[in-house]
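Worksheet: the structure to be examined is printed underneath.
Numbering (the numbering used here), first residue to last: 263 to 732.
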């Protein structure tokens, strides 16, 4: 099947015969004709336009608001229509009919697995759930109140030192990115170990000994086992909770070039090992504007406290004295399709774990926000993080473990992009340019002739003032 972008390109070509953009540089009077491909232009084509100093014309786009930096076949988003597809499959169908490991295979290898492929894929992943004992000891060395996400980021980075055979810097005569055996083994290892790392971080957080992975359990069941087992000999998680987490993992598995996935590709471009790439992507996910958002949503709901306090809270948001977490998205200007699925999933979880009181605040907050002109005009709709945290809290997860629960499935999307990057003939090391507005050339000044930095003095004065206030 043709991709949406290719269909648009074919339509444009049919209508115009030769889709181009004509650009006139009014500084010099030069006119160029730039090809339009799939509704974008190559930035390098603009380099034909130069200023009086012979410098190439460049694009200025902080945050990459309107910049394409790769070609991908992994996922498709239509933010205006609220559409999300993995390899062409609607997220709604996958959430209803598939499993996380099946979806991970789809994302990484491009197609849903056959029955024999599915069996082999799951066996290989579940074979790699154990961590080296030294990694477990390292995780135990973290302070008792260390944030679980910080532990996960550090552990994934440390894991690279245990797999010398996949580090291109250390290898001679073997390229792990062109050797399918080496490449696939890292995929199996990372998908298999990620739940174990997450579970160890959780157990460390609550002061309990680690549970080693169990035999004979599925991917999600084994994760629950490592999280929750105390001394039971026949531990089995509730099947509805297993399915709920499986669906949540599917919804969080991939989302195009978000901040963490872009970080994964950025790091991959340097050809550093894949474990370091994952650690860097997880570090990006840690932030409150990304994977930390569902944690921030729950803290916001707890701060609101009751339904009666919602109007006053929204008034503070409108004047810039509060943040409405879980609403709005860089891409979606409509209802996030994942949020609809999560909202429906809440009832299944509540039927097992009991209703989380914060859901009443969340539902009313959504109702008011979606009927308020201020939020309607800004196209602020609930995103996937808005209800996810409420469900996790009902399941008994501490708030600071939420970003870790986001990381486990998103690894599948990161690995899909990592694999795709290294098979893309156009890939290059990522190296953006800057708009320099600093000093022109100046000469070294002896210390006796220097002026004090006003910025440094201001920062010190500000710090002293805060200490006095405390």
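Note that CB positions come from ideal geometry on N, CA and C, so glycine has one too. Predicted, not measured: the structure shown is a model, and the values here were computed from it.
Cβ contact (3+ pairs, closer than 8 Å) linking the region 653–660 and the region 601–621: yes
Counted within 10 angstroms of its Cβ, other Cβ atoms place residue 424 as buried (16 or more) or exposed: When all chains shown are included, residue 424 counts as exposed.
Opening and closing residue of the alpha helix (DSSP H) in which residue 602 lies: 599–615
Own chain residues within Cβ distance below 8 Å of residue 818, not counting five before or after: This structure does not reach residue 818, given that the chain is present from 263 up to 732, and the question cannot be answered.
Between the CA atoms of residue 378 and residue 696 - distance to the nearest angstrom: For residue 696 and residue 378, the distance between alpha carbons rounds to 50 Å.
Stretch pair the region 469–485 + the region 638–648: three plus CB contacts closer than 8 Å: no
Alpha-carbon to alpha-carbon, residue 455 and residue 393: Taking C-alpha positions only, residue 393 is separated from residue 455 by approximately 7 Å.
Start and end residues, alpha helix (DSSP H) containing residue 292: Looking at the DSSP string, residue 292 is not in any alpha helix (DSSP H); the run it does join, the beta strand (DSSP E), is 292–297.
heavy atom of the ligand GDP below 6 Å from residue 681 C-beta: The ligand GDP is not among the ligands present in this structure, which contains no ligands whatsoever.
Euclidean distance between Cα positions of residue 271 and residue 291: Per-residue confidence for residue 271 stands at a pLDDT of 49, beneath the threshold of 50, marking its modelled position as unreliable; no derived number is given.
Residue 658 burial status per 10 Å Cβ neighbour count (16 or more: buried): exposed
Range covered by the beta strand (DSSP E) that runs through residue 282: According to the DSSP assignment, residue 282 belongs to the beta strand (DSSP E) that extends over 282–287.
Buried versus exposed call for residue 417 [16 or more other C-beta atoms within 10 Å across all chains shown]: buried
Alpha-carbon to alpha-carbon, residue 544 and residue 461: Taken atom to atom, the span from the alpha-carbon of residue 461 to that of residue 544 is near 16 Å.
Cβ-based burial, residue 537 [other Cβ within 10 Å; buried from 16]: Counting Cβ neighbours within 10 Å, residue 537 comes out buried, since at least 16 surround it.
Residue 340, DSSP secondary structure in three states: strand
Cβ-Cβ distance between residue 414 and residue 366 below 7 Å: no
Cβ neighbours of residue 320 in the same chain (closer than 8 Å, five flanking residues each side left out): If we look at residue 320 and ignore the five residues flanking it on each side, its Cβ neighbours are 305, 308, 309, 695.
Coil, strand or helix - residue 496 by DSSP: It is coil, neither helix nor strand.
Buried versus exposed, by CB contacts within 10 Å (16 or more), residue 410: buried
Sub-7 Å separation of residue 511 and residue 362 beta-carbons: yes
C-alpha distance - residue 482 paired with residue 649, whole-angstrom precision: 20 Å
Beta-carbon contacts of residue 502 that lie in its chain and below 6 Å, excluding the five residues immediately before and after: Answer for residue 502: 610, 614, listed in chain order.
Backbone secondary structure at residue 512 - three-state DSSP: If DSSP states are grouped into helix, strand and coil, residue 512 belongs with the helices.
Minimum C-alpha distance to residue 226 - residue among 589, 535, 467: The structure shown does not extend to residue 226, since the chain is modelled only from 263 through 732, so no value can be given for it.
Short Cβ contact (7 Å threshold) for residue 488 with residue 676: no
Test item: CB-CB of residue 593 and residue 372 under 7 Å: No, these two residues do not count as a Cβ contact at 7 Å.
N- and C-terminal bounds of the alpha helix (DSSP H) containing residue 355: Taken as a continuous stretch (DSSP letters only), the alpha helix (DSSP H) holding residue 355 covers 353–359.
Contact the region 437–451 vs the region 545–563: 3+ CB pairs below 8 Å: no
Integer-rounded CB distance, given that residue 674 should sit under 8 Å from residue 519: At roughly 15 Å, the Cβ-Cβ gap does not stay under 8 Å, so residue 519 and residue 674 are not in contact.
Distance between beta carbons of residue 354 and residue 603, contact taken as under 8 Å: 7 Å
Stretch pair the region 685–704 + the region 563–579: three plus CB contacts closer than 8 Å: no
Cutoff 6 Å; reference residue 553; Cβ partners in own chain excluding five residues on either side: 547, 665, 668
Contact check, residue 344 vs residue 599, beta carbons under 7 Å: Yes. Within cutoff.
Nearest neighbour of residue 287, chosen from 280, 541, 311 [CA to CA]: 311
Those residues which DSSP pairs with residue 589 across a bridge: 644
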